[in-house]
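Okay, structure first, notes after.
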Amino acid sequence: MAGGTVEGRLAGLGLKLPEVAAPLASYVPALRTGPYVYTSGQLPLVEGKLGLTGKVGAEVTPEEAKELARTCALNALAAVKSVVGDLDRVVRVVKVVGFVASAPDFTGQPGVVNGASELLGEALGDAGVHARSAVGVAVLPLDAPVEVEIQVEVAD
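Numbering of the sequence shown is given in our numbering, commencing with residue 84 and proceeding in unit increments.
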């Protein structure tokens, strides 16, 4: 199976790692230091475009946003792979931080970010279990509804 078990699990879900999204400013998509890889915040870009824009709880439903968070996590895995070469080297997802552009009365950020957490679990099994923050914010770059960053530990 090309790419090992992680990409095989993704293929079983009907998913393929995308090309790494080009940075929108002065940063890199992912950076390794010691046994850890930190990703920059990943937007739900598909082929360089946002499918939806706006605030969750207003223009975007929580269900749509949860699906967008899955896309963010997939983009984050692509960024990790760009640094380590093989996702089967991921020992553990340590931390996930999800940002949700929220309407003022929307309080379902954890449910939205579950989209990212669930994808990581499906792709990485027990290694996908992680600590997490789900934060409501006023606005995100490009008016994206969701942004996700991850930290993973990798084996040499």
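Glycine is no exception: its CB is placed at the ideal position from the N, C-alpha and C atoms.
Note that the coordinates shown come from a computational prediction; the quantities given were computed from them, not determined experimentally.
Of the choices the options, whose alpha-carbon is the least far from that of residue i?
i	options	result
residue 102	89, 143, 162	162
residue 144	125, 195, 168	195
residue 128	176, 236, 157	157
residue 212	220, 114, 228, 236	236
residue 170	179, 160, 177, 178	160
residue 112	166, 137, 152, 154	166
residue 238	107, 120, 88	120
residue 223	176, 93, 124, 153	124
residue 231	218, 164, 155, 114	155
residue 94	152, 192, 206	206
Which residues does DSSP list as the beta-bridge partners of residue i?
i	result
residue 182	218, 230
residue 122	113
residue 99	Beta-bridge pairing links residue 99 to no other residue.
residue 133	128
residue 172	Partner(s): none; residue 172 has no beta bridge.
residue 147	Paired residues: none, contrary to the question.
residue 139	143, 185
Counting C-beta neighbours from all protein chains within 10 Å, is the total for residue i 16 or more, i.e. buried, or is it exposed?
i	result
residue 198	buried
residue 179	buried
residue 220	exposed
residue 228	buried
residue 216	exposed
residue 139	buried
residue 185	buried
residue 200	buried
residue 225	exposed
residue 85	Low per-residue confidence applies at residue 85: pLDDT is 43, beneath 50, and the placement is therefore not dependable, though the value from the model is reported in the following sentence. Exposed.
residue 208	exposed
residue 147	buried
residue 89	buried
residue 168	exposed
Name the two residues that bound the continuous beta strand (DSSP E) containing residue i.
i	result
residue 115	113-116
- Report yes or no: do three or more beta-carbon pairs, one from the region 92-99 and one from the region 132-147, lie closer than 8 Å? no
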